[in-house]
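**Student:**
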Amino acid sequence: CLYLNIWVPTKTRLRHGRGLNFGNNDYFQDDEDFQRQHQSKGGLAMLVWIYGGGFMSGTSTLDVYNAEILAAVGNVIVASMQYRVGAFGFFYL
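Numbering follows full-length UniProt numbering, in which position 42 of the sequence shown is assigned residue number 42; successive positions increment by one, without gaps.
Written out as structure tokens, the structure is:
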């Protein structure tokens, strides 16, 4: 693993500068999953995402794969990794 990206559920700021706090959103307050999730006393769940591409191409650094909102809405820790691909992907450099 060359790079590790980690997103944690915090106050999320979008590109347009509007701050959104998904944890206090009235839309989710009546949701059964939202209530059950915030009543637990344990730690947070962790989602590890490894991009595909058949070891020939791919990246986890595209804006499309930004997990900031996923972490905030799902109240999970999201981790993705960047690794070498292609002919030199498994060589020790």
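Note that the Cβ used here is the ideal one computed from N, Cα and C, for glycine as well.
Note that the structure is a prediction, hence the values are computed from the model and not measured.
Where do the N-terminal and C-terminal ends of the alpha helix (DSSP H) with residue 72 fall, by residue?
**Tutor:** Position 72 of the sequence shown, counting from 1, holds the residue named residue 72. Counting along the chain, the alpha helix (DSSP H) containing residue 72 begins and ends at 68–74.
**Student:** Which partner residues of residue 96 appear in the DSSP bridge assignment?
**Tutor:** Residue 96 is absent from the model: the chain starts at 1 and stops at 93.
**Student:** Going along the chain, which residues of its own chain have a beta-carbon closer than 6 Å to the beta-carbon of residue 78, five neighbours each way excluded?
**Tutor:** Your numbering for residue 78 matches position 78 in the sequence shown. Same-chain partners within the cutoff: 7, 47, 67, 70 and 71.
**Student:** Could you check the C-alpha separation between residue 82 and residue 50 for me, to the nearest Å?
**Tutor:** For the purposes of this step, residue 82 is taken as residue 82 along the sequence shown, with counting starting at 1. For the purposes of this step, residue 50 is taken as residue 50 along the sequence shown, with counting starting at 1. Rounded to the nearest angstrom, the two C-alpha atoms are 8 Å apart.
**Student:** Ends of the beta strand (DSSP E) at residue 4?
**Tutor:** Reading the sequence shown from its first residue, position 4 is the one you call residue 4. Segment 3–7, the beta strand (DSSP E) holding residue 4.
**Student:** Considering Cα atoms alone, identify which of 76, 3, 63 and 84 is closest to residue 54.
**Tutor:** Walking along the sequence shown from the start, residue 54 turns up at place 54. That would be 84, whose Cα lies nearest to the Cα of residue 54.
**Student:** Kindly indicate which three-state DSSP category residue 16 falls into: helix, strand or coil?
**Tutor:** Stepping through the sequence shown from its first residue, residue 16 is reached at position 16. Interpretation of residue 16 is limited by its pLDDT of 38, a score under 50 that renders its predicted location unreliable; the figure taken from the coordinates is listed afterwards. Coil.
**Student:** Answer yes or no: do residue 5 and residue 44 have a C-beta to C-beta separation smaller than 8 Å?
**Tutor:** On the sequence shown, position 5 is the one that residue 5 refers to. On the sequence shown, position 44 is the one that residue 44 refers to. Against a cut-off of 8 Å, the Cβ pair of residue 44 and residue 5 comes out as no contact.
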